[in-house]
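Reading through the structure tokens given below for one structure.
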Amino acid sequence: MSARAVRSPAGPPGAVAVAAVSTSCAHEASVTVVLGRCRELVRPALVEAVGRLHPWTGEMAAYALGWADTAGNPDPGASEGKGLRQALAVLGAEAVGADGADAVPGAVAVELVHTFSLLHDDIMDADALRRQRPAVWKAYGTGPAVLAGDALLAQAVTCLAEVPGHHTAAAVRRLCQTLNTLVSGQAEDLRFEHRPWYGPGAVGPEQYRSMAEHKTGALLGCAIALGAILGGAPDRTVTALDRAGRHLGLAFQAVDDILGIWGDPGVTGKPVRADLRQGKKTYPVLTALAGGGKAAHELAVLLDSGRQIDGETAERVAALVEEAGGRTATREEARRHLDAARRALRDVSLTHTAAQELDVLFTHLLDRTW
Numbered sequence: 005m006s007a008r009a010v011r012s013p014a015g016p017p018g019a020v021a022v023a024a025v026s027t028s029c030a031h032e033a034s035v036t037v038v039l040g041r042c043r044e045l046v047r048p049a050l051v052e053a054v055g056r057l058h059p060w061t062g063e064m065a066a067y068a069l070g071w072a073d074t075a076g077n078p079d080p081g082a083s084e085g086k087g088l089r090q091a092l093a094v095l096g097a098e099a100v101g102a103d104g105a106d107a108v109p110g111a112v113a114v115e116l117v118h119t120f121s122l123l124h125d126d127i128m129d130a131d132a133l134r135r136q137r138p139a140v141w142k143a144y145g146t147g148p149a150v151l152a153g154d155a156l157l158a159q160a161v162t163c164l165a166e167v168p169g170h171h172t173a174a175a176v177r178r179l180c181q182t183l184n185t186l187v188s189g190q191a192e193d194l195r196f197e198h199r200p201w202y203g204p205g206a207v208g209p210e211q212y213r214s215m216a217e218h219k220t221g222a223l224l225g226c227a228i229a230l231g232a233i234l235g236g237a238p239d240r241t242v243t244a245l246d247r248a249g250r251h252l253g254l255a256f257q258a259v260d261d262i263l264g265i266w267g268d269p270g271v272t273g274k275p276v277r278a279d280l281r282q283g284k285k286t287y288p289v290l291t292a293l294a295g296g297g298k299a300a301h302e303l304a305v306l307l308d309s310g311r312q313i314d315g316e317t318a319e320r321v322a323a324l325v326e327e328a329g330g331r332t333a334t335r336e337e338a339r340r341h342l343d344a345a346r347r348a349l350r351d352v353s354l355t356h357t358a359a360q361e362l363d364v365l366f367t368h369l370l371d372r373t374w
């Protein structure tokens with residue numbers, strides 16, 4: 005039930021706000037339960053997979069996953085992330101009537117691929133922090149971090165390829181296709197850095213959306229599709245779930261872009277307005293520039309000035325992006341893709357409980373602060 009549904013003109017002052025908070029808390033608890041259940045199911049196999057790595061790359065992998073510090077000791081204060089992708093894999097299997105355990109190899113594979121991509125992305129983007137700790141390349145060095153990422157990627161494919169049964173080949177093909185798509189998305193993202201903010205050759209919102217689908221949407225689509233494949237679903241169902249995951253990824257990226265400018269660094273684990281200071285072309289900035297008007301013009305001049313975007317300049321850029329409508333447009337972009345993801349789920353027959361849990365996750369992503 006939404007906060008809007010409990011609104012009552014007859015209620016005492018503050019009743020609506022209390023109901024909204026209660027609904028939000030209940031929803032947060034539901035999300036925590038779903039993610040926790042899936043993590044608990046996948047964790048033993050994920051630990052085993054990491055344990056098969058070389059001790060040094062395994063140590064870096066454990067650090068990246070938030071299990072240990074740089075000395076290899078347990079680090080209870082570190083974040084292990086939400087486990088969204090592994091949860092999507094488990095729910096993908098359950099949604100087609102299979103046991104969630106059938107999806108565990110796929111869940112492990114996508115979690116390892118996700119971690120590999122973060123290690124390499126942090127190096128390429130020169131991001132020094134990841135989940136409020138030094139990124140792996142800052143903690144261990146660039147070369148070791150690249151090697152650890154390579155090890156995670158190889159182990160992800162191995163884990164999936166070793167699954168017995170006649171669905172294995174299709175699952176491996178899906179993962180490999182996704183890896184190629186991820187590389188394409190990252191290549192597009194890196195090339196955007198050398199293109200102008202506006203005018204001939206500028207990156208437009210549609211081009212950015214294509215990049216985001218490749219870089220972010222593809223792996224979320226792969227996660228839920230792998231669960232369905234390993235659960236024995238027909239191709240039509242797998243395709244629909246993959247489409248839902250891709251739209252979910254675009255919504256996720258849109259919210260991520262908002263948090264990159266206006267998020268709380270204490271929650272996101274990244275420095276405030278890091279995307280702006282790095283000059284990254286994100287959806288809020290691109291839509292703000294495309295909208296025209298006085299704020300968009302001032303924003304274009306400021307971005308094209310060649311000046312270093314320090315803290316004060318980043319604050320002004322963020323204000324102009326919001327004034328030009330970039331924040332609102334990005335929020336609407338996230339909502340559109342979330343609605344499209346839900347429509348894709350409705351296109352096929354899914355088990356009721358898993359479909360409900362998928363919807364809980366989808367809704368939560370729109371309002372996340374991490």
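This note's numbering puts the last residue of the sequence shown at 374; the count rises by one with no breaks.
From the three backbone atoms N, C-alpha and C, an ideal C-beta is built for every residue, glycine too.
CB residue i to CB residue j, shorter than 8 Å?
i, j, result
"residue 242", "residue 34", "no"
"residue 67", "residue 74", "yes"
"residue 100", "residue 354", "yes"
"residue 223", "residue 155", "no"
"residue 292", "residue 280", "no"
"residue 81", "residue 63", "no"
"residue 392", "residue 95", "Residue 392 lies beyond the range of the chain shown here (5 to 374); nothing can be said about it."
"residue 388", "residue 198", "Outside the displayed range of the chain (5 to 374) lies residue 388, so it cannot be described from this structure."
"residue 209", "residue 287", "yes"
"residue 325", "residue 262", "no"
"residue 126", "residue 108", "no"
"residue 244", "residue 348", "yes"
"residue 93", "residue 221", "no"
"residue 91", "residue 39", "yes"
"residue 72", "residue 54", "no"
"residue 240", "residue 352", "yes"
"residue 149", "residue 123", "yes"
"residue 270", "residue 249", "no"
"residue 297", "residue 318", "no"
"residue 133", "residue 238", "no"
Is there a Cβ of chain D sitting closer than 8 Å to that of residue i, yes or no?
i, result
"residue 356", "Judged by its chain identifiers, the structure shown contains no chain D, having just a single protein chain."
CB-CB under 6 Å to residue i, same chain, minus the five flanking residues each way: which ones, in chain order?
i, result
"residue 98", "104 and 358"
"residue 116", "156, 159 and 160"
"residue 164", "109, 113, 175, 176 and 179"
"residue 285", "196 and 207"
"residue 8", "Because residue 8 carries a pLDDT of 31, less than 50, the predicted location of this residue cannot be relied on, and no value is offered for it."
"residue 212", "287 and 290"
"residue 49", "108 and 112"
"residue 46", "90, 108 and 111"
Taking residue i as the reference, which of the options has the closest Cα?
i, options, result
"residue 162", "149, 236, 185 and 176", "176"
"residue 42", "168, 112 and 100", "112"
"residue 86", "130, 301 and 119", "119"
"residue 217", "193, 231 and 206", "193"
"residue 229", "181, 276 and 188", "181"
"residue 346", "52, 309, 367 and 143", "367"
"residue 371", "351, 267 and 352", "267"
"residue 135", "147, 69, 306 and 338", "69"
"residue 169", "203, 184, 235 and 124", "235"
"residue 173", "362, 233, 102 and 145", "233"
"residue 227", "362, 59 and 78", "362"
"residue 79", "137, 147 and 328", "137"
"residue 84", "330, 315, 51 and 360", "51"
Quick one: give me the first and last residue of the alpha helix (DSSP H) that residue i is part of.
i, result
"residue 383", "With the chain covering 5 to 374 only, the question about residue 383 has no answer from this structure."
"residue 71", "Taken as a continuous stretch (DSSP letters only), residue 71 belongs to no alpha helix (DSSP H), as it is neither H nor E."
"residue 202", "Where residue 202 is concerned, there is no enclosing alpha helix (DSSP H), given that its DSSP letter is neither H nor E."
"residue 283", "It is not in any alpha helix (DSSP H) - residue 283 carries neither H nor E in the DSSP assignment."
"residue 251", "239-266"
"residue 300", "298-307"
"residue 213", "209-216"
"residue 319", "315-327"
"residue 289", "287-294"
"residue 229", "222-234"
For residue i, which residues from the same chain have a beta carbon less than 7 Å from its beta carbon, with the 5 sequence-adjacent residues on both sides left out?
i, result
"residue 18", "Note that residue 18 scores 46 on pLDDT, short of 50, meaning its location in the model is unreliable and no value can be drawn from it."
"residue 313", "280, 281, 283 and 321"
"residue 26", "Because residue 26 carries a pLDDT of 42, less than 50, the predicted location of this residue cannot be relied on, and the following value inherits that uncertainty. Around residue 26: no qualifying Cβ."
"residue 121", "186"
"residue 323", "none"
"residue 219", "186, 189, 190 and 193"
Just to check, is the beta-carbon of residue i closer than 7 Å to a non-hydrogen atom of the ligand MN?
i, result
"residue 268", "Among the components modelled here there is no ligand, and therefore nothing to report on the ligand MN."
Going along the chain, which residues of its own chain have a beta-carbon closer than 8 Å to the beta-carbon of residue i, five neighbours each way excluded?
i, result
"residue 294", "208, 209 and 300"
Ordered list of alpha helix (DSSP H) runs contained in the segment 98-177, each at least 4 residues: 108-129, 140-144 and 146-165
Which full runs of the alpha helix (DSSP H) of 4+ residues lie inside the segment 330-371, going along the chain? Entirely contained in the segment 330-371, the alpha helix (DSSP H) runs reaching 4 residues are, in chain order, 330-350 and 356-370.
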